[in-house]
Amino acid sequence: MIPEIDFLPASYREVRRRQRNRIWRRTIVLIFLTLVTLSTVRQREIQHQLQTKKDALEKRAQLMNDSLEDPTQLMLQIQQTDIQADLLAGLLLDESPAQILNMISQALPDYVSLNEFQFTFEKAPVKVKEETFIKKSPSKKTENEQPELVDLKHLQGLHASENLVVNLQGISPDHLSISHFMSNLDQMGVFREIDLIQSNETLFEGQPLRVFRLRIVVNSPGKYIPKIDTHLTAGLDRWITAGGLFHE
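Okay, so the sequence shown: first residue is 802 according to the working numbering, each after it adds one.
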């Protein structure tokens, strides 16, 4: 076997090694600079895309703001709608004697009956402050008020000056039945005052009974606060969803 003989001097090999190292270093630096340049270009592209989206969103928001109406006009429309709704509710929820009697009869417990029903209007007590306010109010800007607001104030004034009063007389087997009847009326939320005026004992065919009288003040329309009852609200056609009316 022929041995390998190296005729190159050691200095030549050292020069070649340095040249190779220099080439590797330059290659690594070039790759690093290339990566930095590419990342910088990519960042600029992302910034440009985000700026474009931002400008588009700002234009869209400006268009939406321009398409909206003036907030003051919207508030005025909302107030006008509320006034019209209150006026309509005050007119539609006004109860008739037949409707009041229907609601009262629905609250009667077993073995309790009515033999007298009086439906009257009584003037409500007016405070001094309210009188002075009523005297001063006509002098203010009545010409600029909406017609619906004028009608609503007039309707509220009528409801505030008069109370709808129902006087009842009935027969009950005992005091507990009368208390149960008054409790049922109170749970309806339609009546503001329920007062027991009289309760006397009497005999009917040899059986002791109680003859009672009630004075009931009906709430103004729009102020009914009925107690929620699931079996009365399932069909959405009872007095709890119709302003105190069982049926028209």
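Glycine is no exception: its CB is placed at the ideal position from the N, C-alpha and C atoms.
In this text, all values refer to a predicted model and were calculated from it rather than measured experimentally.
Pairing residue 969 with residue 917 gives a Cβ-Cβ distance under 8 Å. The beta carbon of residue 950 sits closer than 6 Å to the beta carbons of 884 from its chain, once the five residues preceding and following it are set aside; these are given in chain order. In the DSSP assignment, residue 910 falls outside any alpha helix (DSSP H), carrying neither H nor E. The secondary-structure analysis by DSSP pairs residue 843 with nothing; it has no beta-bridge partner.
Using a Cβ distance threshold of 8 Å, residue 982 and residue 999 do not count as a contacting pair. In the three-state scheme derived from DSSP, where H, G and I count as helix and E and B as strand, residue 947 is classed as coil. Apart from sequence neighbours up to five positions away, the residues of its chain that approach residue 1010 with a beta-carbon distance below 8 Å are 972, 973, 974, 1002, 1003 and 1004, ordered along the chain. Short of 7 Å from the beta carbon of residue 984, and not among the five residues preceding or following it, lies no beta carbon of its own chain. In the assembly as shown, residue 876 is an exposed residue. Its beta-carbon has fewer than 16 other beta-carbons within 10 Å.
One thing to note: residue 964 has its Cβ within 8 Å of the Cβ of residue 925. By the neighbour-count definition (other C-beta atoms within 10 Å, threshold 16), residue 953 is a buried residue. Residue 987: not part of any beta strand (DSSP E); member of the alpha helix (DSSP H) spanning 976-989, first to last residue.
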